[in-house]
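Everything below concerns the one structure shown next.
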Amino acid sequence: MKNEIEPVEYVEKIRILSLLDIGLFKLKSAYYRKANKDFYDLDFLTDCQPFSQLVEKLKEKESIYSGEQYKCIFDLDETDSVLNNIKMLIDFDEINYESQSDKPSHSNDLINIIQGQKKLPVAKRSFKRKVAQFIKETKIL
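Residues 172 to 312, numbered by this note's numbering, are exactly what the sequence shown covers, in order.
Written out as structure tokens, the structure reads:
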């Protein structure tokens, strides 16, 4: 079985992640970290590729890399997958961040928007619409 979902690209001997792989990491981090910047990035990435494609590729990747040999320190307390709770990607504004204080975070929510790009509230609404449309089309709930 092939281990990569996307072909690996190298630029000057540096391994480069595809936009799809970045989207998969952002989906996972949005679920656990719940930072505005992850949702902003996901809105940008889903302007380039459908949200449904991210979900399908995450399912594929999680099934390939689900064995013990792929576990690392970041898997120690993760007991769930965003795939089991897609609706959370709509409800992220209602999250009680204080209840998550048992997990350290290196993240801050400072987002420097490039002039002419979507503002954070617009990006949040846009991403929520994409997720809601996916839920409606797939009848997940």
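By construction, the Cβ of each residue, glycine as well, lies at the ideal position given by its N, Cα and C atoms. In this text, all values refer to a predicted model and were calculated from it rather than measured experimentally.
If you reduce the DSSP assignment to three classes, tell me which class residue i lands in.
i	result
Glu239	helix
Ser270	Any reading at Ser270 is ruled out, since the residue's pLDDT is 49, under 50, leaving its predicted position unreliable.
Val179	coil
Leu191	helix
Ile257	helix
Lys205	coil
Gln224	helix
Taking CB distances under 8 Å as the criterion, tell me whether residue i reaches chain C.
i	result
Lys242	The displayed structure is made up of one protein chain only, and chain C is not part of it.
For residue i, which option in the options has the closest C-alpha, if you only look at C-alpha atoms?
i	options	result
Leu198	Glu183, Ser189 and Asp212	Asp212
Leu156	Met259, Gln224 and Ser237	Outside the modelled stretch of the chain, which goes from 172 to 312, sits residue 156, for which no answer is possible.
Arg300	Ile282, Gln288, Phe222 and Val179	Phe222
Lys232	Gly194, Asn283, Lys290 and Phe298	Gly194
Val302	Lys242, Arg186, Asn283 and Leu254	Leu254
Asn207	Asn283, Ile311, Gly287 and Phe305	Asn283
Considering just the uninterrupted stretch of the beta strand (DSSP E) at residue i, what are its terminal residues?
i	result
Ile185	Ile185 to Ile187
Starting from residue i and walking both ways along the alpha helix (DSSP H), at which residues does that stretch end?
i	result
Val302	Leu291 to Thr309
Asp251	Here Asp251 belongs to no alpha helix (DSSP H), and DSSP marks it neither H nor E.
Exercise. Do three or more CB pairs link the stretch 234-244 to the stretch 289-300 at distances below 8 Å?
Worked result: no
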